[in-house]
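**Student:**
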């Protein structure tokens with residue numbers, strides 16, 4: 001065993017040269033005992049039952065969160081589905097109004113609109129025939145017979161000065177054109193009135 005000097009002990013303890021090393025060691029023992037008593041009297045670690053209860057509470061909270069998150073996700077999906085259906089119906093109705101789809105094809109077109117991608121829908125629409133709904137038909141056959149002036153209409157036209165007995169065919173054509181316009185028919189410019 002080697003001899004240790006008092007100066008080496010003081011240096012190891014980190015105390016000044018004028019402090020008694022034995023007293024410094026005793027002070028350190030007292031401080032250590034005080035720290036151990038403080039730790040023992042502190043809040044300490046939870047016991048196993050408390051830890052188990054905390055784990056059950058945490059698991060229950062996670063289950064509630066997942067349930068609420070699932071319900072919210074289901075509500076969001078339902079709203080998105082309703083919005084998608086409304087958009088599909090709106091697209092189909094627009095095409096029906098434009099004369100591109102007949103009303104009897106509404107269900108089939110709506111079904112396709114619900115499943116088609118935007119590109120597929122655009123391709124579908126581009127292939128649809130266009131129909132001009134503002135176009136008026138040309139009268140013919142039975143429609144022309146209905147346009148023939150009646151004796152009452154001829155008498156009224158005479159009283160108003162629209163009937164010319166010298167040119168009966170021309171007067172008859174003028175009355176027929178008026179009646180055709182009222183019914184939404186278009187008579188050709190070279191219409192002669194022959195039925």
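Residue numbers (this note's numbering): 1 to 195. Ideal Cβ placement from N, Cα and C applies to all residues, glycine included. Please read these numbers as outputs of a predicted model, since none were measured by experiment.
Can you give, in chain order, each stretch of the alpha helix (DSSP H) that sits fully within the segment 45–125 and has at least 4 residues?
**Tutor:** Listed in chain order, they are 48–97 and 106–115.
**Student:** Please state the DSSP three-state secondary structure of residue 197.
**Tutor:** No answer is possible for residue 197: it lies beyond the span of the chain, which begins at 1 and ends at 195.
**Student:** Per DSSP, what kind of secondary structure is residue 150 in: helix, strand or coil?
**Tutor:** Note: residue 150 maps to coil in three-state DSSP.
**Student:** Do you know offhand how far residue 180's Cα is from residue 147's?
**Tutor:** Residue 180 and residue 147: Cα-Cα distance of roughly 7 Å.
**Student:** Take the Cβ of residue 101 as the centre, count every other Cβ of all protein chains shown within 10 Å, and call the residue buried at 16 or more, exposed below.
**Tutor:** When all chains shown are included, residue 101 counts as buried.
**Student:** For residue 158 and residue 172, what's the separation of their Cα atoms in angstroms?
**Tutor:** Their Cα atoms are separated by approximately 11 Å.
**Student:** Per DSSP, which one or two residues make a beta bridge with residue 38?
**Tutor:** Residue 38 is not bridged to any residue.
**Student:** Leaving out the 5 sequence neighbours to the left and right, which residues in its chain are closer than 8 Å to residue 7 when beta-carbon positions are compared?
**Tutor:** Cβ neighbours of residue 7 beyond the five flanking positions: 17.
**Student:** Can you list, in chain order, the residues of its chain whose CB lies under 8 Å from that of residue 191, leaving out five sequence neighbours each side?
**Tutor:** 173, 176 and 177.
**Student:** Quick one: residues in its chain with C-beta nearer than 7 Å to the C-beta of residue 153, no 5 flanking neighbours on either side, listed in chain order?
**Tutor:** Taken in chain order, the residues that qualify are 175.
**Student:** Using 8 Å as the cut-off, can you tell me whether the segment 85–93 makes contact with the segment 57–74, which would need three or more C-beta pairs spanning the two stretches below that distance?
**Tutor:** Segments in contact, no.
**Student:** Rounding to the nearest angstrom, what Cα-Cα distance links residue 99 and residue 166 in this structure?
**Tutor:** The straight-line gap from Cα to Cα measures roughly 47 Å.
**Student:** Measure the alpha-carbon distance for residue 149 versus residue 186 and round it to whole angstroms.
**Tutor:** So the alpha carbons of these two residues sit roughly 17 Å apart.
**Student:** Under a Cβ-count criterion, where at least 16 other Cβ atoms within 10 Å of its own Cβ denotes burial, should residue 95 be classed as buried or exposed?
**Tutor:** Counting Cβ neighbours within 10 Å, residue 95 comes out buried, since at least 16 surround it.
**Student:** Could you tell me the distance, in whole angstroms, from the CA atom of residue 139 to the CA atom of residue 170?
**Tutor:** Here the model assigns residue 139 a pLDDT of 47, short of 50, so the residue's position is not dependable and the matter cannot be decided.
**Student:** Who are the Cβ neighbours of residue 24 in its own chain at under 7 Å, not counting the five residues just before and after it?
**Tutor:** Contacts found: 13 and 15.
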